[in-house]
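Asks:
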Amino acid sequence: MLLRTVLSALVLGGGLLSAPAFAQSAAGVQSDNAVNAVNAVLFEKHTWTEIQSGVAAGVTTIIIPVGGTEQSGPYIAVGKHNERATYLAEKIAEKAGKTLVAPVVAYVPEGSTSPRSSHMRFPGTITVPPDVFEKLLVSAGESFQVQGFRLIVFVGDHGGYQKYMEKAATVLNQKWHGTGAKALYVSGFYTVIAHQYADWLKQQGYGKDVGQHADISDTSLMLAVDPSMVRQDALRHSGTPSAQEGIYGGDPRKASASLGQAGLAMQINAAVQAIQSARGF
Numbered sequence: 082m083l084l085r086t087v088l089s090a091l092v093l094g095g096g097l098l099s100a101p102a103f104a105q106s107a108a109g110v111q112s113d114n115a116v117n118a119v120n121a122v123l124f125e126k127h128t129w130t131e132i133q134s135g136v137a138a139g140v141t142t143i144i145i146p147v148g149g150t151e152q153s154g155p156y157i158a159v160g161k162h163n164e165r166a167t168y169l170a171e172k173i174a175e176k177a178g179k180t181l182v183a184p185v186v187a188y189v190p191e192g193s194t195s196p197r198s199s200h201m202r203f204p205g206t207i208t209v210p211p212d213v214f215e216k217l218l219v220s221a222g223e224s225f226q227v228q229g230f231r232l233i234v235f236v237g238d239h240g241g242y243q244k245y246m247e248k249a250a251t252v253l254n255q256k257w258h259g260t261g262a263k264a265l266y267v268s269g270f271y272t273v274i275a276h277q278y279a280d281w282l283k284q285q286g287y288g289k290d291v292g293q294h295a296d297i298s299d300t301s302l303m304l305a306v307d308p309s310m311v312r313q314d315a316l317r318h319s320g321t322p323s324a325q326e327g328i329y330g331g332d333p334r335k336a337s338a339s340l341g342q343a344g345l346a347m348q349i350n351a352a353v354q355a356i357q358s359a360r361g362f
């Protein structure tokens with residue numbers, strides 16, 4: 082019953098991008114491609130004139146999803162965070178309305194290359210220095226602000242860079258003071274997984290399976306977004322997971338898409354509520 086209640090949050094209040102048609106031919110007749118573009122929330126799927134028209138029509142919120150490329154044990158592909166961040170940002174944009182989704186940020190701080198530390202100790206990980214990452218986010222935010230976007234939203238799927246995202250939003254808000262534009266760092270998008278979702282999994286009897294990385298939580302979320310990213314047969318036949326494999330605590334072998342859907346719903350709701358609050362309603 083609890084799972085059904087959580088999952089229902091995914092569909093309540095939803096809606097596609099609510100704005101007049103972005104694309105229209107010179108004769109005033111939309112092509113099939115133009116119609117498809119109207120319903121897309123992905124910034125990169127639109128032409129510059131469509132984006133300009135959308136902003137003029139009130140599509141002035143944009144989400145910058147931050148992912149990362151890192152090892153997640155032997156059973157989850159290294160693009161995990163990028164896939165999840167993009168998928169969730171699209172769902173959030175559709176539910177919030179009048180919102181676009183920027184291209185995902187796939188290059189993030191993941192440890193040192195010399196000496197190799199954190200996830201950089203494993204193949205499959207890409208890292209950038211924190212100051213470079215912060216400047217990238219600030220520059221991206223400024224790019225959208227000068228185009229007319231008024232609410233620039235940062236959501237990040239990985240814990241290691243949350244403080245840098247928060248700092249970038251603070252820097253932007255200081256620069257934009259009095260302009261009517263705002264940067265919003267949604268901390269709850271990430272923390273809901275470590276707290277609310279982890280607690281929910283424990284209540285379902287999976288307490289021993291919850292860890293910190295590539296555990297039942299991580300794997301279930303990935304299965305719910307894109308099961309092709311999980312090596313399910315190898316996972317089911319694997320032995321007890323270990324840190325040497327890149328799995329930090331817990332056990333992913335009981336992971337399932339249905340368990341993951343509950344966590345996704347929590348992330349979507351946390352972000353939509355933050356966006357609505359920032360908009361003043």
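For the sequence shown, the tail end lands on 362 under the working numbering, and the numbers increase by one without skipping. Just so it is clear, CB atoms sit at the ideal spot from N, CA and C, and this is done for glycine as well. Keep in mind the model is a prediction, meaning the values are calculated, not measured.
1. Nearest CA to the CA of R231: which residue from T141, V267, S309?
2. Helix, strand or coil: which one does DSSP assign to H200?
3. By Cβ distance below 6 Å, which residues in the same chain neighbour M347 in space, the five residues on each side in sequence not counted?
4. Following the continuous alpha helix (DSSP H) through P146, name the residue where it begins and the one where it ends.
5. From the DSSP output, in three-state form, read off F235 for me.
6. Helix, strand or coil: which one does DSSP assign to K179?
7. Below 8 Å on the Cβ atoms is my guess for P322 versus P333; work out the distance and round it to an integer in Å.
8. Between the alpha carbons of V116 and G139, how many angstroms are there, rounded?
9. Is T260 buried or exposed, if buried means 16 or more other CB atoms sit within 10 Å of its CB?
10. In the DSSP assignment, find the alpha helix (DSSP H) that holds Y271 and state where it starts and stops.
11. Select from P146, A158, T251 the residue whose C-alpha is nearest the C-alpha of Q313.
12. Going by beta-carbon coordinates alone, are K176 and V306 separated by less than 9 Å?
13. Looking at C-alpha atoms only, which residue of L345, A262, V147, V182 is the closest neighbour of D238?
14. With 16 as the cutoff for other CB atoms within 10 Å, does K283 come out buried or exposed?
15. For Y168, list the residues DSSP reports as bridge partners.
16. Specify the secondary structure class of T194 as computed by DSSP and reduced to three states.
17. Tell me which residues share the same chain as E247 and place their Cβ nearer than 6 Å to its Cβ, disregarding the 5 neighbours each side in the sequence.
18. Short of 6 Å in beta carbon distance, which residues of its chain neighbour P184, apart from the five on each side in sequence? Order them along the chain.
19. When you compare each of H294, G288, Y168, A221 to A121 by their alpha carbons, which one comes out closest?
20. Can you tell which of H318, G288, A336, Y271 has the C-alpha that lies nearest to the C-alpha of A355?
21. Determine, using beta carbons only, whether G241 and G149 come nearer to each other than 9 Å.
22. Excluding the 5 residues flanking V186 on each side, which residues of the same chain have their C-beta closer than 6 Å to its C-beta?
23. How is Y188 classed by DSSP in three states: helix, strand or coil?
Replies: Taking the structure as given:
1. If you number the sequence shown from 1, residue 231 lands on position 150. The candidate whose alpha carbon is nearest that of R231 is T141.
2. Here residue 200 refers to the residue found at position 119 when the sequence shown is read from its first residue. Looking at H200 - three-state DSSP - the assignment turns out to be helix.
3. In the sequence shown, counting from the first residue as 1, residue 347 sits at position 266. Excluding five sequence positions before and after M347, the CB atoms of its chain that fall closer than 6 Å to its own CB belong to V273, Q277, Y278, given in chain order.
4. Taking the sequence shown and counting its residues from 1, the one referred to as residue 146 is at position 65. From DSSP, P146 is part of no alpha helix (DSSP H) but of the beta strand (DSSP E) over 142-147.
5. Sequence index remark: in the sequence shown, residue 235 carries index 154 (1-based). In the structure shown, the three-state DSSP call for F235 is strand.
6. Taking the first residue of the sequence shown as position 1, residue 179 is located at position 98. The DSSP-derived three-state label of K179 is coil.
7. Against the sequence shown, residue 322 aligns to sequence position 241. Against the sequence shown, residue 333 aligns to sequence position 252. Their Cβ separation, rounded to whole angstroms, is 7 Å, which keeps P322 and P333 in contact under 8 Å.
8. Start at 1 with the first residue of the sequence shown, and residue 116 comes out as number 35. Start at 1 with the first residue of the sequence shown, and residue 139 comes out as number 58. Low confidence applies to V116: its pLDDT is 42, below 50, so where it sits in the model is not reliable enough to give any reading.
9. Position 179 of the sequence shown holds residue 260. T260 is exposed by the Cβ-count criterion.
10. What you label residue 271 is simply residue 190 of the sequence shown in a count that begins at 1. Unbroken alpha helix (DSSP H) run through Y271: 269-273.
11. Indexing the sequence shown from 1 puts residue 313 at position 232. Comparing Cα-Cα distances from Q313 to each of P146, A158, T251, the minimum goes to A158.
12. Numbered from 1 along the sequence shown, position 95 holds the residue referred to as residue 176. Numbered from 1 along the sequence shown, position 225 holds the residue referred to as residue 306. Here K176 is not near V306, since their CB atoms are 9 Å or more apart.
13. The count along the sequence shown starts at 1 and reaches residue 238 at position 157. Of the residues L345, A262, V147, V182, the one whose Cα lies closest to the Cα of D238 is V147.
14. Locating residue 283 in the sequence shown gives position 202, counting from the first residue. The residue in question, K283, is exposed, as its Cβ has fewer than 16 Cβ neighbours within 10 Å.
15. On the sequence shown, residue 168 is found 87 positions in, with the first residue counted as 1. In the DSSP output, where bridge partners are listed per residue, Y168 has none listed.
16. By 1-based counting over the sequence shown, the position of residue 194 is 113. For T194, the three-state secondary structure derived from DSSP is strand.
17. As a working mapping, residue 247 is identified with position 166 in the sequence shown. Around E247: Y266.
18. For the purposes of this step, residue 184 is taken as the residue at position 103 of the sequence shown. So the list reads E125, once near-sequence residues are dropped.
19. Position 40 of the sequence shown, counted from the first residue, corresponds to residue 121. Closest option to A121, Cα to Cα, is Y168.
20. For the purposes of this step, residue 355 is taken as residue 274 along the sequence shown, with counting starting at 1. For the set H318, G288, A336, Y271, the Cα lying nearest the Cα of A355 is the one of Y271.
21. Reading the sequence shown from its first residue, position 160 is the one you call residue 241. Reading the sequence shown from its first residue, position 68 is the one you call residue 149. Yes.
22. The count along the sequence shown starts at 1 and reaches residue 186 at position 105. V147, listed in sequence order.
23. The residue labelled residue 188 in the question sits at position 107 within the sequence shown. Collapsing the DSSP output to three states places Y188 in coil.
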